[in-house]
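Enquirer:
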Amino acid sequence: MKKLASHLVGIDQGEVELFSDFASGGDMWTGDGSRERRKRVAFSEPFREPPSVQVALSLWDIDSSANIRVDLGAQKIDTKGFDMVFRTWGDSRIARVRMSWTAFGEVKSDDDWDLY
0 MKKLASHLVG IDQGEVELFS DFASGGDMWT GDGSRERRKR VAFSEPFREP PSVQVALSLW
60 DIDSSANIRV DLGAQKIDTK GFDMVFRTWG DSRIARVRMS WTAFGEVKSD DDWDLY
């Protein structure tokens, strides 16, 4: 469990179109085997410590003739942003994906002092 020590908590959120491979014939649509897309997301302002980040699919356009295999995640989380990661494998065919995210954690206050 993440415990927040500050009285000031920030919540940032957004939505990102990660890819659209149908029209361009990209590897998420035409390929097979392990595939990955990642995108760096910047927070609107820095957090005091790396926040907790939740990612979710807000749109997916997937071929129904193959198995649907998806692994979502947030990696390399720091005070300024994180990497949004989408993975698939096998014969899954993904035309496009949009992901939403929410980050919550401590933010700096005007009352904070830098002692050293």
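Numbering (numbering that gives the first Met the number 0), first residue to last: 0 to 115.
Glycine residues also receive a C-beta, built at the ideal position from the N, C-alpha and C atoms.
#1: Step through the CB atoms of chain B and report whether any lies within less than 8 Å of the CB of Val106.
#2: Taking the continuous beta strand (DSSP E) assigned at Met27, which residues delimit it?
#3: For Phe81, list the residues DSSP reports as bridge partners.
#4: For Lys1, I'd like the list of residues in its chain whose CB is within less than 8 Å of its CB, leaving aside the five on either flank, ordered along the chain.
#5: Considering Trp59, what are the terminal residues of the beta strand (DSSP E) in which it resides?
#6: Going by DSSP in three states, Asp109 sits in which element: helix, strand or coil?
#7: In this structure, does DSSP put Met0 in helix, strand or coil?
Expert: Reading from the atomic positions:
#1: Judged by its chain identifiers, the structure shown contains no chain B, having just a single protein chain.
#2: Met27 -> not in any beta strand (DSSP E); alpha helix (DSSP H) instead, spanning Asp26 to Thr29.
#3: Val40
#4: Ser51 and Gly104
#5: Ser51 to Ile61
#6: Asp109 falls in the coil class under three-state DSSP.
#7: coil
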